[in-house]
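Down below is the structure, laid out as structure tokens.
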Amino acid sequence: MKYAYAAVFTPEESGLYSVNFPDLQGCRTSGDDIADAVYMAQDVLCLTLYDLEQDGKPIPKASAPRDITITGEQFTSVVVVDTDFYERFYKNKTVINELIEMLPEKKQSLVFELVKRLGVEPEPVRAQ
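Residue numbers (our numbering): 19 to 146.
Next comes the structure, spelled out in structure tokens:
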């Protein structure tokens with residue numbers, strides 16, 4: 019499913035950005051800068067919504083950004099995620115990791131590096 023939720027971004031004195039989703043209890047994160055904060059916001063929002071879906075819990079209605087109260091230097095931005103894509107990506111990642119672990123040890127690191135070049139970040143190969 020595709021979702022769009024308003025996030026509140028708060029610049030911190032340290033230069034970090036805190037991010038909170040008022041419609042989703044406990045859904046918060048932070049980033050080193052604005053780009054990192056947006057990336058982390060997408061990740062935490064998708065994981066939160068995916069977990070609610072998997073647990074069969076209701077998905078809260080998203081508020082309009084104009085309806086969210088902000089103060090000082092805070093600002094709102096809409097964050098869009100796709101839980102179906104998230105599920106496919108992580109299932110494929112798991113399958114890739116399992117396949118790498120089935121290979122002879124000498125070939126695991128070679129295949130691991132090839133997969134990384136394709137844009138998938140598999141888990142590091144465990145020592146056997």
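Positions of the beta carbon are idealized from the N, C-alpha and C atoms, including for glycine.
What does the Cβ neighbour count give for F39, buried or exposed, with the cut at 16 atoms within 10 Å? buried
Exercise. Kindly list the residues whose CB is nearer than 7 Å to the CB of Q146, restricted to its own chain and excluding five residues on each side of it in sequence; keep chain order.
Key: With a pLDDT of 46 at Q146, under the threshold of 50, the modelled position of this residue cannot be trusted; read the value that follows with caution. When the five nearest sequence neighbours on each side are left out, the beta carbons in the same chain lying within less than 7 Å of the beta carbon of Q146 are those of E123, in order along the chain.
Report task. Please state whether DSSP places S36 in a helix, a strand or coil. Result -> strand
- State yes or no: is the C-beta of Y21 within less than 8 Å of the C-beta of V96? no
Exercise for the section: Verify whether the separation of the beta carbon atoms of E23 and L63 is less than 8 Å. Expected result: Looking at the sequence shown, residue 23 is not Glu but Tyr. In contact: Y23 and L63 (Cβ atoms closer than 8 Å).
Going by DSSP, what residue range makes up the beta strand (DSSP E) through A22? Taken as a continuous stretch (DSSP letters only), the beta strand (DSSP E) holding A22 covers 20-29.
Problem - Residue from F27, L42, T94 whose Cα sits closest to the Cα of A55 - result: F27
By the 10 Å Cβ neighbour count, where 16 or more other Cβ atoms means buried, how is A59 classified, buried or exposed?
-> buried
*asked:* What does the alpha-carbon distance come out to for the pair L128 and G137?
replied: 15 Å
Margin query: Here's the rule I'm using: 16 or more other beta-carbon atoms within 10 Å means buried, otherwise exposed. How should I118 be labelled?
Written below: buried
### Message
Classify L132: buried if its beta carbon has 16 or more other beta carbons within 10 angstroms, exposed otherwise.
### Response
exposed
Would you mind sorting T47 into buried or exposed? The rule is 16 or more other CB atoms within 10 Å of its CB. buried
*Which two residues bound the contiguous beta strand (DSSP E) that contains D100?*
According to the DSSP assignment, D100 belongs to the beta strand (DSSP E) that extends over 93-100.
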